[in-house]
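Quick notes on the structure that follows.
Numbering (our numbering), first residue to last: 417 to 481.
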């Protein structure tokens, strides 16, 4: 599993040659934004000052109890 190193406080997400989203890195690197960006569910974990994006989701579906 690769991590995203923190090198800037602001980021751009590019998709298909266009800016998908931009802003403060800590606000962009969340499950909602990145799932929309990748068009697939992802889980985002933070550990040791790094951010990990994991394909799939550990979250139960909204319809589950």
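Every residue, glycine too, gets a C-beta built ideally from N, C-alpha and C.
* To do: Would you check if the distance between the CB atom of residue 429 and the CB atom of residue 454 is smaller than 7 Å?
  => For this step, residue 429 is matched to residue 13 along the chain shown. For this step, residue 454 is matched to residue 38 along the chain shown. No; because the gap between Cβ atoms is not below 7 Å, this pair is not in contact.
* Asked: Rounded to a whole number of angstroms, what is the C-alpha to C-alpha distance between residue 469 and residue 446?
  -> Locating residue 469 in the chain shown gives position 53, where the first residue counts as 1. Locating residue 446 in the chain shown gives position 30, where the first residue counts as 1. Spanning the alpha carbons of residue 469 and residue 446 requires a straight line of approximately 9 Å.
* **Closest Cα partner of residue 442 within the set 450, 436, 435** => Along the chain shown, one-based indexing puts residue 442 at 26. For the residues 450, 436, 435, the minimum Cα distance to residue 442 belongs to 450.
* Smallest Cα separation from residue 459: which of 424, 437, 472? -> Stepping through the chain shown from its first residue, residue 459 is reached at position 43. Residue 459 has its Cα closest to that of 472, out of 424, 437, 472.
* To do: Would you list the residues sitting across from residue 429 in a DSSP beta bridge?
  => Along the chain shown, one-based indexing puts residue 429 at 13. Per DSSP, 437.
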